[in-house]
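Count the sequence shown with this note's numbering and you get residues 19 to 206, in order. Structure, as structure tokens:
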Amino acid sequence: MKLLGGWYEKGATWDEYVGGMQVNKENMLYIYEQYRLPDEDRLFYQQLRDRQWRVIALTADWCGDAMLCNAVLKRIAEAAGFELSFLIRDENLELMDQYLTNGKSRSIPIYIFIDREGRERAVWGPRSPEVQRLVDEMRSQLPDKADPQFERKQKEVFRGFKERILTDQSLWETVNRSIRARLEEALR
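Set out below in structure tokens:
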């Protein structure tokens, strides 16, 4: 079992992370302010308080997925009593490369749930299955990378994705449900 307490200690608090954000700060805070955990989920997370878990969040403020997921994670952490530590992906590649998506991609956010001794208990990220399907659907509409229109179309897709995750609150809930499912699995 991996010991990750040293990584946790390196990270920034929520306030430090938010204070240093340059790109998606207002949008992330908007989602955070608007999002509320359903009562049933809040009660589930509250039952985890005595475990005193901590969460290492590999993230970056330019990432739309992180903009959404970090806001939801903060609400979960408040209910569960989880302490959060934010590490910028590109400044912590040694850790990031241990949590590659599909064994090859440095996709973020990645949340590593650890116990008080620093042992990994669960890992989540970078997206809920529903958000992944949305991304896949949007990407499928892109032309081939060799197409001269590819870059422009890709920027349009990124803008559309960001708009969708800012306005479609049902997607916010998929993040909560996905994180909860991963934690339930870890508790078995």
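Beta carbons: idealized from backbone N, C-alpha and C, even for Gly.
- For Glu109, no beta strand (DSSP E) encloses it, and the DSSP letter there is neither H nor E.
- For a cut-off of 8 Å, the C-beta gap from Trp190 to Tyr63 is around 15 Å, too long to register as a contact.
- CA-to-CA, the gap between Val41 and Asp79 works out to about 6 Å.
- Tyr129 is bridged by DSSP to Ala75 and Trp142.
- Val193 sits away from Ile130, with the two beta carbons spaced by 8 Å or more.
- Following the DSSP letters along the chain, one finds Glu174 inside the alpha helix (DSSP H) bounded by residues Phe168 to Thr185.
- Bridge partners of Ala30 according to DSSP: Phe104.
- Setting aside the 5 residues that flank it on each side, Ala89 is surrounded in the same chain by Met46, Ile49, Tyr50 and Tyr53, each with a C-beta closer than 7 Å to its C-beta; the list follows chain order.
- Our two residues, Leu113 and Thr31, have alpha carbons roughly 18 Å apart in a direct line.
- Pro144 places its beta carbon less than 8 Å from that of Thr119.
- The segment 81 to 88 and the segment 172 to 183 touch, with no fewer than 3 CB-CB distances between them shorter than 8 Å.
- Residue range Pro147 to Ser158 is occupied by the alpha helix (DSSP H) that includes Val149.
- Non-local beta-carbon contacts of Arg67 in its own chain, meaning distances under 7 Å to residues more than five positions away in sequence, involve Ala98 and Gly99 in chain order.
- Under the DSSP assignment, Asn88 falls in the alpha helix (DSSP H) whose first and last residues are Gly82 to Ala98.
- Asp133 and Phe176 have their C-alpha atoms roughly 36 Å apart.
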